[in-house]
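Just so we're on the same page, this note's numbering is the position in the first sequence counted from 1, plus 4. All C-beta atoms in this analysis are idealised placements derived from N, C-alpha and C, irrespective of residue type, glycine included. These notes concern the structure reproduced below.
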Amino acid sequence: MQNFDEVYQVVRLIPHGRATSYGAIANYLGSKGGARLVGWAMNAAHTKDDVPAHRVVNRNGVLTGKNFFETPDKMQQLLESEGITIEKDQIRDFDKVFWDPSVELG
DNA sequence: TTCCTGACGCTTG
DNA sequence: CCAAGCGCCAGGA
């Protein structure tokens with residue numbers, strides 16, 4: 005879906021070592037479909053390897069979709085590989101690594 | 001074709 | 001402050 009494509013575009017623009025939330029993307033796209041559809045888009049994006057879905061978490065910074073990866077630890081592993089610290093499946097200092105598309109992209 | 005569920009988030013009780 | 005419900009769109013049965 006085209007809506008999903010926009011989501012992929014935003015997710016792809018997430019800088020290395022940063023993370024954003026489903027709601028932030030939904031908000032940037034004008035709440036199109038809401039945060040849920042962003043997560044759903046990630047599911048479709050799962051087939052695409054160009055979309056770093058591991059950099060997308062919920063507004064709490066929790067790795068809710070980690071279970072959807074090849075391995076539940078894969079998401080955390082990728083994030084830690086980028087310098088992001090994970091504490092109990094949650095990003096530490098999420099406010100610091102948080103990447104708001106509506107702010108960064110304008 | 002219709003109903004239900006889903007990687008979420010906000011508002012209300 | 002904590003818990004529950006509703007709303008968003010799309011896809012599968």
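Classification of residue 69 by the beta-carbon crowding that lies within 10 angstroms, buried from 16 upward: buried
In this structure, what does DSSP give as the bridge partners for residue 11? Bridge partners of residue 11: none, in fact.
Is it buried or exposed, residue 35, if we count other Cβ atoms within 10 angstroms and call 16 or more buried? A residue is called buried once 16 or more other Cβ atoms fall within 10 Å of its Cβ, and residue 35, having fewer, is exposed.
First and last residue of the uninterrupted alpha helix (DSSP H) at residue 98: 98-101
Option in 28, 57, 91 and 63 with minimal Cα separation from residue 71: Selected option, being the one with the closest Cα: 57.
Does the Cβ of residue 85 have 16 or more other Cβ atoms within 10 Å, making it buried, or fewer, making it exposed? exposed
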